[in-house]
Each structure stands twice: as C-alpha cells, then as structure tokens.
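Asker: Chains as they are written, first to last, in full-length UniProt numbering: chain A, 1 to 108; chain B, 1 to 235. Idealized CB from N, CA, C, for every residue including glycine.
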Ligand SMILES: Nc1nc2c(ncn2[C@@H]2O[C@H](COP(=O)(O)OP(=O)(O)O)[C@@H](O)[C@H]2O)c(=O)[nH]1
Ligand SMILES: [Mg+2]
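#1: Could you name the residues of chain A that residue 176 of chain B contacts, counting a contact when the two beta carbons are closer than 8 Å?
#2: Indicate whether the contact test is met: 3 or more Cβ pairs, each with one atom in the stretch 70 to 79 of chain B and one in the stretch 8 to 19 of chain B, closer than 8 Å.
#3: By alpha-carbon positions, which one of A/70, A/42, A/105 and A/82 ends up nearest to residue 34 of chain A?
#4: Does residue 145 of chain B come within less than 8 Å of chain A when only Cβ atoms are used?
#5: Give me every residue whose Cβ sits closer than 7 Å to any heavy atom of ligand 2, in chain order.
#6: Helix, strand or coil for residue 8 of chain B, going by three-state DSSP, please let me know.
#7: Kindly provide the ranges of any alpha helix (DSSP H) runs that are 4 or more residues long and lie completely inside the stretch 108 to 180 of chain B, ordered along the chain.
#8: Give the residues from the stretch 62 to 87 of chain A that approach chain B closer than 7 Å (Cβ to any Cβ), ordered along the chain.
#9: Near residue 131 of chain B, which residues of its chain fall below 8 Å by C-beta distance, leaving aside the five closest residues on each side in sequence?
#10: For the beta strand (DSSP E) that residue 213 of chain B lies in, which residues bound it at each end?
#11: Cutting at 7 Å between CB atoms, please list the residues of its own chain near residue 177 of chain B, excluding the five before and the five after it.
#12: So with CB distances below 8 Å, who are the chain B contacts of residue 105 of chain A?
#13: Count the other CB atoms, across all protein chains shown, that sit within 10 Å of the CB of residue 264 of chain B; report buried if there are 16 or more and exposed otherwise.
Okay, structure coming up:
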C-alpha cells in the first residue's frame, strides 16, 4: 500500500495534470510538504529505532490514514462554492422565460 | 468557423421546467460564439415541451428523438449518437447543473491540441459546486481520492457527465462500455485511456438542479463502490 502512495505522490501531478496545467488543486508547496512530512516521519522513526529494518504494518496503516485524511480534508476545505454561478443561473432563468414567452412558448 | 459541427445530446426525463431554459441558453451562448450546432433531445415519455421548442428554433437546430418510456441514460446516448450529424458530440445533463456558457471553452480546448475528449471538472482550478453540504463534499472528495489512487485515470472528474467527444471516439467508447449510471461515466474515461485517447479538462461550476429531482440518486454510494471495484479488478 505504501508503494501505491509513494507512486501517487510522485505521479499524481503528472497524470492528473494532463492538459490542465493545474495539477490536483493542491498547491505545489503542499504536495511537497505532505511528501516531505511523510518521509521525515519515516526517517525519524527509523533513527529512533522505532522500527528496525522493515516498517511494520500498523505504522504503514497510520501513515496511509494520515496521508488520506490530510489530502481529503484539504480538498473538502478548498472545494469551491460557486455562489456567483448560482446567482447568475437565477438571472438566466428569468431572462430565458421572458424571452421564450415573447417568442410564443407556453409554460403552463 | 472551421467547418466543425457540434451535436449536443440532451437526454431528458421529466425535465419540462428545465428543457426550455437549457435550450435557450445553448442557443444564446453557441450563437454568440459563432458555433455550428444541433441539439438532439432524447426525451423519454413527454415530448410536448421539446416540440414547442422545435417550432420556435426550427428542425435544423432542435432534433427530436423521443422514446416511448424511460429506458435509461446509457441507451439514450446510443440512441442520440445514431442521429448526430456533427463531427463532434457534446454530452450534458439537461437539469441546468451543466451551464452552456462553458461549451465554447470546451471547444477551444479541443482545438488547441486536437484532443479526442474534453471533460468538465468540478475538482480542479476554478471548478466547483453549488448547493452541496459538508457531507456531500466529503463523500465526493473521498470517493474521488480513492478513485484516483486505485485507477489513476489521468482525469480529475471521473463521474462528471459534461463532456465533448470526437464523434467516432464516442461511438467506439459507447460500444465498449457495459456499466450503467455513474459508473458508465467512469468507465468511458477508463476505457478511453486504454485506447490511448487524448483528454483535456475544463473547470466547470456545477450548480445543483433547481427544478425536479435527481433520477440517479438513491443507492449512489453503493453503485459507485461496486463500479470502482469492477473497474479496479478488470482494467
Ligand atoms: N432519456 C432519458 N434521460 C434520462 C434518464 N434518466 C436520466 N435522464 C436525464 O439525464 C440527465 C442526468 O440525470 P439526473 O437525474 O440529473 O442525474 P444526476 O445529475 O446524476 O442526479 C438529466 O438530464 C435527466 O433528465 C432516462 O432514463 N432517459
Ligand atoms: Mg443532475
């Protein structure tokens, strides 16, 4: 699973960004901070002998969990609310109805 | 104008409030951008509204391909494509959650690098949603995150259904996809990737439907999970 995440971190910008110019919706800084944070956590735990040679399963789960929560949390928080589009649509509806009625459309 | 023609497929079921408005908006924005188009309305059940619109806008612009009863979205697309005379096809919902003002941007994006598919995305850049509470945003983002990790589709909005296709590309994809509902939209993109089609994205604002109610709702999450598993296991 950890492999998948690392792959994700490395390739996500490239793949999701195809022709969009703007990858993810996470600023580059955050992408680096998250990747950096994950590796730092690993490195420190190795240094302190918290894990010996191989990373144990529960640590992997914790890292996976934290990574997911961070990314999803950030994306929910930055999910655009298109208030202006909604208002615009209301105006569009009014205008369309008026014009269609003038053209003889019958909204019963 | 470049000789390109765009066939817009509007599948409708109980959209009598929305259909006149979406049609009016399509004509407004496409005419303003000098785009050659036809609107193909695939209405299941109540074609009288579309008939009225045809009287106003003419048979060249409003093409009616009604069906007797509700037969589902996937077959509505197949039915519509058969009658499309454009070299590009645009698929969108008729419930006003997909605004026609974005279509000129789709077309521009397509032309820039001769793309096979351009898809609207709610998840990138200026894209977004209106009318979603925290729970819905969380589910949406969570599901999207999972999809990105498992399928790595090279597309940020897999379940969206506001897209432009080259006509032969859409024909091939529709034939090779077997899923229904939301999963259908996901499968289209995943298969497109397998065939090596090129894809671009345009950020869109998705405004939840004003009139009527969603027909695909209900077991949304269950449907999605099953579909994701299916695509994960088979592609
Ligand atoms: N012709 C046809 N159109 C349908 C059918 N089911 C849904 N639609 C249309 O497909 C579009 C998307 O449906 P909607 O209920 O808004 O789905 P949602 O946006 O995912 O909740 C709308 O324009 C509907 O009117 C169907 O069985 N037949
Ligand atoms: Mg809808």
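Answerer: The relevant details are as follows:
#1: Within the second chain, residue 176 of chain B is the residue found at index 176, counting from 1. Correct list: empty, because the minimum Cβ distance to chain A is about 21 Å.
#2: Yes, since at least three Cβ pairs between the stretch 70 to 79 of chain B and the stretch 8 to 19 of chain B fall closer than 8 Å, the two stretches touch.
#3: Here residue 34 of chain A corresponds to residue number 34 of the first chain, with the count starting at 1. Each of A/70, A/42, A/105 and A/82 was checked against the Cα of residue 34 of chain A, and the nearest Cα belongs to A/70.
#4: Within the second chain, numbered from 1, the residue matching residue 145 of chain B stands at position 145. Residue contact with chain A for residue 145 of chain B: present (Cβ-Cβ distance below 8 Å to some residue of chain A).
#5: Here the list is B/93, B/95, B/97, B/209 and B/214.
#6: By one-based count along the second chain, residue 8 of chain B stands at place 8. Residue 8 of chain B carries a strand assignment under DSSP once its states are collapsed to helix, strand and coil.
#7: With a minimum length of 4 residues, the continuous alpha helix (DSSP H) runs that stay inside the stretch 108 to 180 of chain B are 134 to 151 and 167 to 176.
#8: Those would be 68, 71, 72, 75, 76, 79, 80, 81, 82, 83, 85 and 86, in chain order.
#9: Counted from its first residue, the second chain places residue 131 of chain B at position 131. If we look at residue 131 of chain B and ignore the five residues flanking it on each side, its Cβ neighbours are 207 and 208.
#10: Sequence index remark: in the second chain, residue 213 of chain B carries index 213 (1-based). For residue 213 of chain B, no beta strand (DSSP E) encloses it, and the DSSP letter there is neither H nor E.
#11: Start at 1 with the first residue of the second chain, and residue 177 of chain B comes out as number 177. Closer than 7 Å at Cβ, skipping near neighbours: 184, 187, 188 and 191.
#12: Translated into positions along the first chain, residue 105 of chain A becomes position 105. Correct list: 20, 52, 53 and 56.
#13: It is not possible to answer for residue 264 of chain B, since the shown part of chain B is limited to 1 through 235.
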